[in-house]
Amino acid sequence: MTVPRGEVFGFLGPNGAGKTTAVKLLVGLVRPTSGEAWLLGRPLGERQVRRRIGYLPELFRYQPWLSAREVLQVHCELARLPRSSWREEIDTALQVAGLSERAGDRVGTYSKGMQQRLGLGVALLGSPELVFLDEPTSALDPVGRHDVRQILHHLRDRGTAVFLNSHLLTEVEMVCDRVAMVDRGRVIASGTLDELLGGNSCRVRVTGLDLRQRAGLSRFGELDDDGEWITVRGLEPERVPELVDEIVKLGGRVYAVEPRQLSLEDRFLQLLGDHQG
Numbered sequence: 162m163t164v165p166r167g168e169v170f171g172f173l174g175p176n177g178a179g180k181t182t183a184v185k186l187l188v189g190l191v192r193p194t195s196g197e198a199w200l201l202g203r204p205l206g207e208r209q210v211r212r213r214i215g216y217l218p219e220l221f222r223y224q225p226w227l228s229a230r231e232v233l234q235v236h237c238e239l240a241r242l243p244r245s246s247w248r249e250e251i252d253t254a255l256q257v258a259g260l261s262e263r264a265g266d267r268v269g270t271y272s273k274g275m276q277q278r279l280g281l282g283v284a285l286l287g288s289p290e291l292v293f294l295d296e297p298t299s300a301l302d303p304v305g306r307h308d309v310r311q312i313l314h315h316l317r318d319r320g321t322a323v324f325l326n327s328h329l330l331t332e333v334e335m336v337c338d339r340v341a342m343v344d345r346g347r348v349i350a351s352g353t354l355d356e357l358l359g360g361n362s363c364r365v366r367v368t369g370l371d372l373r374q375r376a377g378l379s380r381f382g383e384l385d386d387d388g389e390w391i392t393v394r395g396l397e398p399e400r401v402p403e404l405v406d407e408i409v410k411l412g413g414r415v416y417a418v419e420p421r422q423l424s425l426e427d428r429f430l431q432l433l434g435d436h437q438g
């Protein structure tokens, strides 16, 4: 897998697939037993590289008696940022997280969404070139998820590479440029959304065709045939009438035609079934 600058890369998989473990390996919290990886062109684990990355874990908690500004000050100290840069770093993080007006309030008074945005602000201290986000929208309401998406768009616009670990496929579909799907510790598919989804698809209910004739429809795209319905993936809408004409010419009967865009969830479940089956 390669994640270039200015790209939001989605790392998808069911619970227990190994997503969080992979992120912990990449940021240096867990030692690998085998394999190789590079971050920002350097071998995994180099101290200089760690200074150039940001990380938001799935589960985190800040001291509720501290204000957001104080939390950020603590993490500036932990990151060993020059003290002369603290004010600018903290003000920028608060602005990006949308917390400037609540910077002096105790974290214990924050909603879950505000705490999540504060976590993103912490991950952005030091202007990292690469940011790892582990389930950043987990347990958030629609407003909170929207706020996080806005921050991701901001990171992409400023040229930051984002490695987004999530099991919420609809969220990933909204923000990611490319994705990798993982199951049982292995990547089972990767690419842009268009590459993985195969563009549009069309579902046709057909009778009167033998197996050879049904298989011959593969010239229109990748087929999924359950004996009653034929799904043709990668079929553009303007070619649907051509598909129907071909079925009729072969002597078949068409009872229903359902053009549709394959969702990421549909494709993921299909790939997961193929991998586990």
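Numbering follows our numbering, with no gaps: position 249 of the sequence shown is 410. In this text, a Cβ means the ideal position worked out from N, Cα and C, and glycines have one as well.
For the options G171, R166, M162 and R373, the alpha carbon positioned closest to that of R339 is the one of G171. Less than 8 Å separates the beta-carbon of R394 from that of S362.
Take the alpha-carbon of P297 and the one of V257: they are about 15 Å apart.
Annotated three-state conformation of Q209 is helix, per DSSP. Between V268 and S299 a beta carbon distance of about 18 Å is seen, past the 8 Å cut, so the two are scored as non-contacting. I391 has V365 and D386 as its beta-bridge partners, per DSSP. Between the alpha carbons of D385 and V365 lies a gap of roughly 11 Å.
A straight line joining the alpha-carbon of E399 with that of L372 spans about 26 Å.
Every unbroken stretch of the beta strand (DSSP E) spanning 3 or more residues and falling wholly within the segment 271-335 is given here in chain order: 291-295 and 322-327.
Per DSSP, Q374 lies in no beta strand (DSSP E) segment; the continuous alpha helix (DSSP H) that holds it begins and ends at L372 to G377. For I408, the closest alpha carbon among the candidates L281, S288, C337 and F381 is that of F381.
As computed with DSSP, A341 is found in a beta bridge with F172 and S351.
E356 carries a helical assignment under DSSP once its states are collapsed to helix, strand and coil. Rounded to the nearest whole angstrom, the C-alpha separation of R192 and E356 is 33 Å. Each of P165, P204 and V188 was checked against the Cα of Y216, and the nearest Cα belongs to V188. DSSP, read as helix, strand or coil, puts L425 in helix.
When DSSP states are grouped into helix, strand and coil, P398 belongs to the helix group. The Cβ-Cβ distance between R208 and A322 does not fall below 8 Å.
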